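Trainee: Heads up: take any position in the sequence shown, counting from 1, add 43, and you land on the numbering used here.
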Amino acid sequence: MRKTEKLADNYDSDIVATVAAIVETAERFRNSYFWTPPKYASGRGYMEHENTYREVAWTEGGRTYTARYDVSCSCRNVYASGTYTRDGEITTLTAIRNSLKRMQAALADKKEIA
Numbered sequence: 044m045r046k047t048e049k050l051a052d053n054y055d056s057d058i059v060a061t062v063a064a065i066v067e068t069a070e071r072f073r074n075s076y077f078w079t080p081p082k083y084a085s086g087r088g089y090m091e092h093e094n095t096y097r098e099v100a101w102t103e104g105g106r107t108y109t110a111r112y113d114v115s116c117s118c119r120n121v122y123a124s125g126t127y128t129r130d131g132e133i134t135t136l137t138a139i140r141n142s143l144k145r146m147q148a149a150l151a152d153k154k155e156i157a
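1. Could I get the ranges of all uninterrupted alpha helix (DSSP H) runs contained in the stretch 45-84, with 4 residues as the minimum, in chain order?
2. Give me the residue from Y54, N94 and M146 with the minimum Cα distance to V114.
3. Which two residues bound the contiguous beta strand (DSSP E) that contains C118?
4. Could you pull the start and end residues of the beta strand (DSSP E) that T95 belongs to?
5. Give a yes or no on whether the C-beta atoms belonging to L150 and V59 are separated by under 8 Å.
6. Just the Cα atoms here: how many angstroms apart are Y54 and Y89?
7. Among I65, Q147, K82 and K154, whose alpha-carbon lies nearest the alpha-carbon of N120?
8. Could you say which of A51, D52 and A63 lies nearest to K144 if we only look at CA atoms?
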């Protein structure tokens, strides 16, 4: 595909909700390395399960994005990391956050028209 070709936007409200949850979790776990993890293994497993997101992919503004967020706990530390890409290249949370804002605005515009 040539760079001049524009891809159609490919996202829905479920994808937007998942991306919003990933962004919110990333902001909440910003300094998680310094947190004290839950005392028991069941609590650590619950924290990992509730805050880990599988990779989600979408196309917005002619660019393809992916985002995933992983949380793991040891007995002494909480580890959190996000993996974000734009057109197959690693990018930052800021790019994902900006894409999320544009998607939310576009969905709000569609609801106003309907």
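In this text, a Cβ means the ideal position worked out from N, Cα and C, and glycines have one as well. Just so it is clear, the structure is predicted and the values come from calculations on it, not from any experiment.
Mentor: Reading from the atomic positions:
1. 56-71
2. Within the sequence shown, residue 114 is the residue found at index 71, counting from 1. If we check each option's Cα against that of V114, N94 comes out closest.
3. For this step, residue 118 is matched to residue 75 along the sequence shown. Here C118 belongs to no beta strand (DSSP E), and DSSP marks it neither H nor E.
4. Taking the first residue of the sequence shown as position 1, residue 95 is located at position 52. No beta strand (DSSP E) contains T95, which DSSP labels as neither H nor E.
5. Sequence index remark: in the sequence shown, residue 150 carries index 107 (1-based). Sequence index remark: in the sequence shown, residue 59 carries index 16 (1-based). Result yes, Cβ atoms of L150 and V59 sit closer than 8 Å.
6. Position 11 of the sequence shown, counted from the first residue, corresponds to residue 54. Position 46 of the sequence shown, counted from the first residue, corresponds to residue 89. Answer to the nearest angstrom: the Cα atoms are 29 Å apart.
7. Your numbering for residue 120 matches position 77 in the sequence shown. Looking at the Cα atoms, K82 is the closest of the given residues.
8. Taking the sequence shown and counting its residues from 1, the one referred to as residue 144 is at position 101. Residue A63 is the option with its Cα nearest to K144.
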